[in-house]
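So that you can map any letter, position 50 of the sequence shown is 50 in full-length UniProt numbering, and since no number is skipped, the others follow by simple counting.
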Amino acid sequence: MNSPPAPAAPPPPAQLRLLSCNILAGGSMRRYRDYVTRGLHHVLPAAGKRANLDGLARVCADFDVVALQEADAGSLRSGFLNQTQYLAEAAGFPFWSHQPNRRVSRIASSSNGLLARRQPDEVLAYPLPGRIPGRGALWVRFGRGDRELVVVIAHLSLGQQARMRQLDFLAELISSHPHTVLMGDLNTTAQSPELRRFCERTTLAVPGDPPLTFPSWRPNRAIDHILVSHGLVVDDLWAVPHPVSDHLPIAATIRLPEPLSDLAAPPVDDTRLAAS
Numbered sequence: 001m002n003s004p005p006a007p008a009a010p011p012p013p014a015q016l017r018l019l020s021c022n023i024l025a026g027g028s029m030r031r032y033r034d035y036v037t038r039g040l041h042h043v044l045p046a047a048g049k050r051a052n053l054d055g056l057a058r059v060c061a062d063f064d065v066v067a068l069q070e071a072d073a074g075s076l077r078s079g080f081l082n083q084t085q086y087l088a089e090a091a092g093f094p095f096w097s098h099q100p101n102r103r104v105s106r107i108a109s110s111s112n113g114l115l116a117r118r119q120p121d122e123v124l125a126y127p128l129p130g131r132i133p134g135r136g137a138l139w140v141r142f143g144r145g146d147r148e149l150v151v152v153i154a155h156l157s158l159g160q161q162a163r164m165r166q167l168d169f170l171a172e173l174i175s176s177h178p179h180t181v182l183m184g185d186l187n188t189t190a191q192s193p194e195l196r197r198f199c200e201r202t203t204l205a206v207p208g209d210p211p212l213t214f215p216s217w218r219p220n221r222a223i224d225h226i227l228v229s230h231g232l233v234v235d236d237l238w239a240v241p242h243p244v245s246d247h248l249p250i251a252a253t254i255r256l257p258e259p260l261s262d263l264a265a266p267p268v269d270d271t272r273l274a275a276s
């Protein structure tokens with residue numbers, strides 16, 4: 001008598017691996033006094049920046065979507081290198097986009113950046129409100145309609161009132177999108193009034209205890225975040241021990257609901273490099 005066939009194993013969950021990092025334009029920091037003693041490195045193409053980017057590219061290569069902050073868009077301090085494009089090519093990402101936010105003549109140009117394994121369906125760049133201009137959010141949509149995932153990459157201000165206005169703006173921006181991820185250097189902790197207010201106004205939440213990311217050489221503050229909306233499950237959240245910038249990268253593995261499961265794998269018919 002033949003035994004009945006064993007039940008098929010359930011399919012593995014559809015997941016995305018996310019990484020966010022303030023890369024300090026490829027610069028290195030090892031202590032607070034480096035902000036003064038290495039000040040010229042912020043405006044000159046110092047030796048070692050390319051090697052730092054190569055090391056970061058090896059970290060990025062393990063992820064599906066990477067959010068960058070303070071990536072130089074191609075100015076003197078980077079040797080006129082678009083660092084988002086360089087990291088995309090070095091880490092093997094077929095799609096990238098960037099949002100230049102603050103330019104100081106030809107000396108320095110900071111931007112938010114995106115590296116992605118699959119082509120976004122839409123990329124929009126928004127300036128964020130603030131007394132001092134130069135902060136922005138990169139809004140990225142993968143998929144369409146009920147099968148869409150919105151990823152927002154942001155670098156918020158140092159001042160609390162400016163952050164409050166910026167988070168209010170972001171809350172309005174994502175209010176009509178049920179599946180959303182916010183990643184970036186938010187310059188505030190999960191317990192701050194402005195971030196609590198943001199979570200109350202949206203379906204996003206801080207998953208568990210955010211890892212400490214700043215300063216990179218002795219982390220004692222959790223100011224870099226990956227926030228997800230209801231329906232997205234964070235299976236893992238951690239700080240990546242790669243202390244080159246003054247921030248450690250923050251990483252997460254998120255589980256996608258069934259309608260979004262197709263977003264977990266890149267399309268197989270198009271691996272061309274594309275910049276939005």
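Just so you know, even glycine gets a beta-carbon here, dropped at the ideal spot from N, CA and C.
The model shown is predicted, which means the values in this text are computed figures rather than measured ones.
query: Among PRO13, ALA252, ARG117 and PRO129, which residue has its Cα nearest to the Cα of VAL206?
result: Comparing Cα-Cα distances from VAL206 to each of PRO13, ALA252, ARG117 and PRO129, the minimum goes to ALA252.
message: How far does the alpha helix (DSSP H) with GLN15 in it extend, from its first residue to its last?
response: Per DSSP, GLN15 is not a residue of any alpha helix (DSSP H); the beta strand (DSSP E) it occupies stretches across 15-22.
- prompt: Is it a yes or a no for the segment 11-26 touching the segment 61-74, going by three-plus beta-carbon pairs under 8 Å?
  reply: Because the criterion of three Cβ pairs below 8 Å is met, the segment 11-26 and the segment 61-74 touch.
message: At the level of alpha carbons, what is the spacing between PRO241 and ILE174?
response: Looking at the two C-alpha atoms, the distance is approximately 31 Å.
message: Suppose you measure from the CA of LEU158 to the CA of ARG221; what does that come to, to the nearest Å?
response: Here the alpha carbons of ARG221 and LEU158 stand approximately 14 Å from one another.
Sufficient close CB pairs (3 or more, under 8 Å) joining the segment 57-64 to the segment 141-148: Output reads no: the segment 141-148 does not touch the segment 57-64.
Test item: CB-CB of LEU16 and ILE254 under 8 Å: Going by C-beta atoms, LEU16 is nearer than 8 Å to ILE254.
- prompt: With burial defined as no fewer than 16 other Cβ atoms inside 10 Å of the residue's Cβ, what is the status of GLN191: buried or exposed?
  reply: Exposed, since its Cβ has fewer than 16 Cβ neighbours within 10 Å.
message: Would LEU232 and LEU256 be called neighbours here (beta carbons separated by less than 8 Å)?
response: Going by C-beta atoms, LEU232 is nearer than 8 Å to LEU256.
Residues of its chain near GLU258, where Cβ-Cβ distance is below 8 Å and the 5 sequence neighbours each way are ignored: So the list reads ALA14, once near-sequence residues are dropped.
query: Would ALA125 pass as a contact of LEU115 if the rule is Cβ separation under 8 Å?
result: Not in contact: ALA125 and LEU115 (Cβ atoms no closer than 8 Å).
field: Any alpha helix (DSSP H) of 4 or more consecutive residues that is wholly inside the segment 135-193
entry: DSSP assignment within the segment 135-193 yields the following whole alpha helix (DSSP H) runs of 4 residues or more, N-terminal first: 160-174.
- prompt: Straight-line CA distance for HIS98 to ASP72?
  reply: So the alpha carbons of these two residues sit roughly 10 Å apart.
Burial state of THR188, where buried means 16 or more other Cβ atoms lie within 10 Å: Burial state of THR188 is buried, judged by a 10 Å Cβ sphere holding 16 or more other Cβ atoms.
Alpha carbon of ALA88 to alpha carbon of ARG196, nearest angstrom: Cα-Cα distance, rounded: 34 Å.
query: Measuring CB to CB, does SER109 end up less than 8 Å from THR84?
result: No. Outside cutoff.
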